[in-house]
Amino acid sequence: MPMMWLFLTTTCLIHETLSVSELFDLENEVNPEVWMNTSEIIIYNGYPSEEYEVTTADGYILTLNRIPHGRAQAGLTGTRPVVYMQHALFADNAYWLENFANGSLGFLLADAGYDVWMGNSRGNTWSRRHKTLSANEEKFWAFSFDEMAKYDLPGIIDFIVNKTGQEKLYFIGHSLGTTIGFIAFSTMPELAQRIKMNFAMGPVISFKYPTSIFTSFFLLPNSIIKLYRSDEFRAYDWGSEAENMNHYNQSRPPIYDLTAMKVPTAIWAGGHDALITPQDVARILPQVTNLRYFKLFPDWNHFDFVWGLDAPQRLYSKIIGLMREYL
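Counted the way UniProt numbering counts, the sequence shown spans residues 1 to 327.
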């Protein structure tokens, strides 16, 4: 009770101290990128921006953003190597642009000469539409990362290939983004053949050893925790044998065979990652049959791959180096 009254008293004092005009002044002092969508962030930082819509085979309408070249390359002609970037759970594609331009992987790749594409998974802020369903309908939300791998990623890659005329591209994923890539590239050989190299940061196929602080802080749904805590890399469990039969024609979710993924792959892990611990990553590595590079950063957590201030020097420069090696 004393804490509640302290909170209420503090709130009242703030309300009385700050006038409406002062509150607006505070809003104006915030970085303007806070209120921008991905296209606006790209333009604000001086880069060319293109935005597209991709309709998946099952009717979801996804927003796709492109940075076709860097700030200093407007007059240069010719094709550029294509990179596709897939964000994590609870995120959108602005994820790749949220540090300063010289510290954001999306901008750095564009300046390094790459044609950068960034997708949005179904259901996030910018991909919440469907040809026939409303986002207010329960049926709209009847999907998991399986559908993201089965429909979203192939639809996006097909669109990029048709738009650029380039048959192959690089794939970069973080967290759930790696899950989507692992599923797609291990189950769809034709799609896998279009990937020059798979860059997986904080890779997720299961988290058998997550620290309790992560699952408590993010209040992860039990269905997600149960799924990823499986000893096996399985499709989503719909909660009953009947529902699983309806989706998979079998009583249990099918197992994904990660050893079937033949795409050249580089993996990075964090020693302080509270979700995907080094023990979890150690379980993944033997299953990646075409592993070309692995690095553990002992001092990194799950988000340093995207937001770490030292990521450009320690990680992004290596990614660009590997891209130049695996043309």
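Glycine is no exception: its CB is placed at the ideal position from the N, C-alpha and C atoms.
Please tell me whether residue i and residue j are closer than 8 Å, where the distance is taken between their beta carbons.
i	j	result
glycine 321	alanine 269	no
serine 175	tyrosine 256	no
tyrosine 236	serine 144	yes
glycine 119	threonine 56	no
aspartate 152	arginine 128	no
leucine 64	phenylalanine 182	no
histidine 302	alanine 266	no
valine 82	threonine 179	no
asparagine 244	arginine 252	yes
glutamine 166	threonine 38	no
leucine 258	isoleucine 195	no
arginine 283	proline 254	no
methionine 148	tyrosine 326	no
lysine 262	alanine 184	no
glutamate 33	tyrosine 44	yes
asparagine 99	tryptophan 307	yes
leucine 105	tyrosine 316	yes
Apart from the five residues on each side of it in sequence, which residues of its chain come closer than 8 Å, Cβ to Cβ, to residue i?
i	result
lysine 139	Leu133
alanine 91	Asn124
proline 48	Ile42, Ile67, Pro68, His69 and Ala74
tyrosine 84	Trp117, Met118, Gly119, Ile156, Ile157, Ile160, Leu169, Tyr170, Phe171 and Ile172
asparagine 136	none
Pick helix, strand or coil for residue i, following the three-state DSSP scheme.
i	result
threonine 179	helix
residue 339	Residue 339 falls outside the range modelled here, since the chain spans only 1 to 327, and no answer is possible.
glutamate 147	helix
aspartate 58	coil
residue 329	Only positions 1 to 327 of the chain appear in this structure, which leaves residue 329 out of reach.
glycine 155	helix
glycine 321	helix
tyrosine 326	coil
lysine 163	helix
aspartate 310	coil
methionine 245	helix
threonine 38	helix
serine 186	helix
leucine 76	coil
leucine 315	helix
Identify every residue that forms a DSSP beta bridge with residue i.
i	result
arginine 234	Ile255
arginine 66	Glu50 and Trp117
tyrosine 305	With the sequence shown as reference, residue 305 is identified as phenylalanine, and tyrosine is not the correct amino acid for it. None, per the DSSP bridge assignment.
isoleucine 172	Met85 and Phe199
Counting only C-beta atoms, is residue i closer than 8 Å to chain D at any point?
i	result
alanine 101	Of the protein chains in the structure, only one exists, and it is not chain D.
Once you ignore the five residues that flank residue i on each side, which residues in its own chain have a CB closer than 7 Å to its CB?
i	result
leucine 89	Ser175 and Leu176
glycine 271	Pro278, Leu296, Phe297, Pro298, Asp299 and Trp300
histidine 130	Gly59, Tyr60, Ile61 and Phe140
residue 387	Coverage of the chain is limited to positions 1 through 327, which leaves residue 387 absent and any answer about it impossible.
Less than 6 Å between C-beta atoms, sequence neighbours within five positions excluded: which residues of the same chain meet that for residue i?
i	result
isoleucine 319	Phe199
proline 312	Gly103
valine 281	Ala269
aspartate 111	Gly70
aspartate 310	none
glutamine 287	Leu258 and Thr259
aspartate 115	Pro68, Arg80 and Val82
phenylalanine 294	Ile267
glutamate 241	Ser251
leucine 97	Ile41, Ser104 and Gly106
Check your understanding: Quick one: complete alpha helix (DSSP H) runs, 4+ long, within the region 260 to 290?
Key -> Within the region 260 to 290, the complete alpha helix (DSSP H) runs of at least 4 residues are 278 to 284.
Review point. Residue ranges of each beta strand (DSSP E) run of no fewer than 3 residues wholly in the region 81 to 148, ordered along the chain?
Key: Within the region 81 to 148, the complete beta strand (DSSP E) runs of at least 3 residues are 82 to 86 and 115 to 119.
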